[in-house]
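>
2 protein chains.
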Amino acid sequence: MGKGEETRQAILDEAFSLASCIGVSGLSIGVLAERTHMSKSGLFAHFGSKEELQLAVLRESQQRFAEAVLRPALREPRGLARLRAIVVNWLNWTRAVNLPGGCVINAAAAEFDDQPGALREEVKKSLLALRRTLADAVAKAVETGELRRDTDIDQFAFELAGIYQVTQQGRRLFNDPDADRRALVAFDRLVRDNAAIHE
Amino acid sequence: MGKGEETRQAILDEAFSLASCIGVSGLSIGVLAERTHMSKSGLFAHFGSKEELQLAVLRESQQRFAEAVLRPALREPRGLARLRAIVVNWLNWTRAVNLPGGCVINAAAAEFDDQPGALREEVKKSLLALRRTLADAVAKAVETGELRRDTDIDQFAFELAGIYQVTQQGRRLFNDPDADRRALVAFDRLVRDNAAIHE
DNA sequence: CACTGTATAGAACGATCGTTCGTTAATGTC
DNA sequence: GACATTAACGAACGATCGTTCTATACAGTG
């Protein structure tokens with residue numbers, strides 16, 4: 133890795149955790165330069181525009197998500213076990229990765245859902261991909277016979293996303309110590325209602 | 133209503149719908165002055181600080197929410213019917229009120245959950261009050277015997293909030309035409325799982 | 001009509017924003 | 001060691017930010 137790539141990554145590291153706290157749209161070149169002990173222009177040269185920097189942060193987030201949430205879950209056998217692993221990792225990934233202020237993309241979704249442009253499209257792409265990943269994991273649990281054949285997998289993924297969002301809100305805004313437990317209760321109810329009948 | 137109060141309300145109207153699109157933290161005195169055909173200083177005098185303006189927008193939002201969502205639901209008989217009315221009104225209130233860019237407070241929750249201060253506290257207070265309102269409506273449905281006595285009413289409200297959030301995301305970010313339907317499916321499942329047994 | 005307080009305007013402040021430019025320092029190649 | 005390339009800097013740009021101050025217009029009251 134050349135020197136340029138190295139500092140670029142260092143900038144992204146800082147931008148990533150900074151954006152976690154103040155949002156992707158709250159990022160500023162000046163503040164970021166100060167935090168990385170660089171000049172504004174020196175930092176700027178690595179990206180060419182602020183929007184490109186913001187996009188880089190969003191892509192960085194996707195990558196870390198895949199490594200922290202999805203990849204470890206592959207160790208579990210496909211089906212309900214893997215689905216559960218994804219959900220558990222997902223709920224906790226903001227702690228595992230350096231995300232003091234919560235998921236960057238999730239926050240960005242609320243920031244940019246009104247403002248057309250490249251950032252909105254990147255967020256949309258990323259979250260749609262996540263929905264698809266969730267739906268695939270649910271579909272596998274149908275194939276293994278753990279969930280019923282008539283399970284609405286998109287509905288399942290939809291509700292999972294809802295559980296995630298409200299859990300984050302509970303943790304971050306309300307400091308609710310029960311948020312994690314409630315999330316699992318909701319997940320279990322979701323699974324139970326779609327579980328194949330065994331007796 | 134004096135002249136001052138009148139223009140203050142006009143400013144708030146504009147700020148309200150503007151904040152809906154660009155967020156409460158994205159509000160700027162200059163842009164707002166331009167939109168209301170006022171000078172920056174003239175507008176500024178009505179609030180004394182930007183933060184006070186933002187707080188006023190949040191309070192305005194609470195008030196409109198109560199009028200658009202909660203009050204009409206009081207026409208329904210207490211219990212499940214009223215709860216359902218609240219949920220339906222809630223899911224649609226951004227259309228009824230002038231909220232082209234979605235619920236202001238919900239967006240603000242994501243913006244400020246990391247940054248301590250008066251704004252965060254106002255958001256927190258507002259959303260906690262909503263949770264309590266939801267929980268009360270659920271409790272009434274327990275009293276009427278429509279829901280089981282062992283219903284976890286806070287868990288119920290928790291999951292309702294999740295349904296709301298993911299529905300907004302589906303509508304606003306994904307332009308998902310199924311979001312409303314999925315929300316009601318999720319709600320019905322929530323009710324069914326807590327319904328009292330009738331046979 | 002004069003008087004009083006409120007409501008708005010205009011100009012300016014220092015700060016920060018994203019961006020551009022020209023130059024220097026560091027790195028890699030022959 | 002000379003050269004080419006890349007990386008980083010420092011200064012400045014015009015724009016906008018929230019805020020302050022002073023002055024002018026307006027409203028209501030006697």
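Protein sequences appear in the order of chains A and B. Mapped onto my numbering, the consecutive letters of the first sequence carry residue numbers 133 to 331. Mapped onto my numbering, the consecutive letters of the second sequence carry residue numbers 133 to 331. Just so it is clear, CB atoms sit at the ideal spot from N, CA and C, and this is done for glycine as well. Keep in mind it's a predicted model, so treat the numbers as computed, not measured.
1. So what does Leu-279 (chain A) bridge to, in DSSP terms?
2. What in chain A is Cβ-close to Phe-148 (chain B), meaning under 8 Å?
3. In terms of alpha-carbon separation, which member of A:Ala-142, A:Gly-158 and A:Lys-272 lies closest to Pro-209 (chain A)?
4. Taking three-plus beta-carbon pairs below 8 Å as touching, is the segment 234 to 245 of chain B in contact with the segment 281 to 292 of chain B?
5. So with Cβ pairs under 8 Å, would you call Gly-162 (chain B) a contact of chain A?
6. Along the chain, where does the alpha helix (DSSP H) that runs through Ser-149 (chain B) open and close?
7. What does the alpha-carbon distance come out to for the pair Ala-205 (chain B) and Val-270 (chain B)?
8. Sort B:Phe-197, B:Val-201, B:Gln-141 and B:Leu-223 by Cα distance to Leu-185 (chain B) and report the nearest one.
9. Would you check if the distance between the CB atom of Leu-190 (chain A) and the CB atom of Glu-254 (chain A) is smaller than 8 Å?
10. Let me see if you follow: with CB-CB separation under 8 Å, is Lys-257 (chain A) close to chain B or not?
11. Could you pull the start and end residues of the alpha helix (DSSP H) that Asp-286 (chain B) belongs to?
12. For a contact meaning CB atoms closer than 9 Å, what does Arg-304 (chain A) contact in chain B?
13. Taking Ile-295 (chain B) as the query, report the chain A residues whose CB atoms sit under 7 Å from its CB, ordered along the chain.
14. Does Gly-134 (chain A) pass the burial test, meaning 16 or more other C-beta atoms within 10 Å, or should it be called exposed?
15. Is the segment 154 to 166 of chain B touching the segment 226 to 240 of chain B in the sense that three or more CB pairs, one from each, lie closer than 8 Å?
16. When the Cα atoms are used, what is the spatial distance from Ala-327 (chain A) to Glu-278 (chain A)?
17. Out of A:Asp-284, A:Val-219, A:Val-201 and A:Arg-216, which has the shortest C-alpha to C-alpha gap to Val-229 (chain A)?
18. Kindly list the residues whose CB is nearer than 6 Å to the CB of Gly-302 (chain A), restricted to its own chain and excluding five residues on each side of it in sequence; keep chain order.
19. Residue range of the alpha helix (DSSP H) that Gly-162 (chain A) falls in?
20. What in chain B is Cβ-close to Glu-291 (chain A), meaning under 7 Å?
21. If you reduce the DSSP assignment to three classes, tell me which class Val-229 (chain B) lands in.
22. Given that Leu-202 (chain A) touches chain B, what residues does it touch there, using C-beta distances under 9 Å?
23. Could you tell me if Ser-193 (chain A) is buried or exposed, where buried requires 16 or more neighbouring beta carbons within 10 angstroms of its beta carbon?
Short version:
1. A:Ala-327
2. Going along chain A, no residue has its Cβ under 8 Å from Phe-148 (chain B), so there is no contact; the nearest lies around 14 Å.
3. The option with the nearest alpha carbon to Pro-209 (chain A) is A:Lys-272.
4. no
5. no
6. 135 to 154
7. 13 Å
8. A check of alpha carbon separations from Leu-185 (chain B) across B:Phe-197, B:Val-201, B:Gln-141 and B:Leu-223 identifies B:Gln-141 as the nearest.
9. Yes. Within cutoff.
10. no
11. Taken as a continuous stretch (DSSP letters only), the alpha helix (DSSP H) holding Asp-286 (chain B) covers 285 to 304.
12. Simply Ala-241, Ala-242, Asp-245 and Asp-246.
13. Gly-294
14. exposed
15. yes
16. 6 Å
17. A:Val-201
18. For Gly-302 (chain A), where only same-chain residues beyond five positions count, the Cβ hits under 6 Å are Asp-308 and Ala-311.
19. From DSSP, the alpha helix (DSSP H) with Gly-162 (chain A) extends over 161 to 167.
20. Ala-318
21. coil
22. Within 9 Å Cβ-Cβ: nothing; Leu-202 (chain A) doesn't reach chain B, min ~20 Å.
23. Its Cβ being crowded by 16 or more others within 10 Å, Ser-193 (chain A) is buried.
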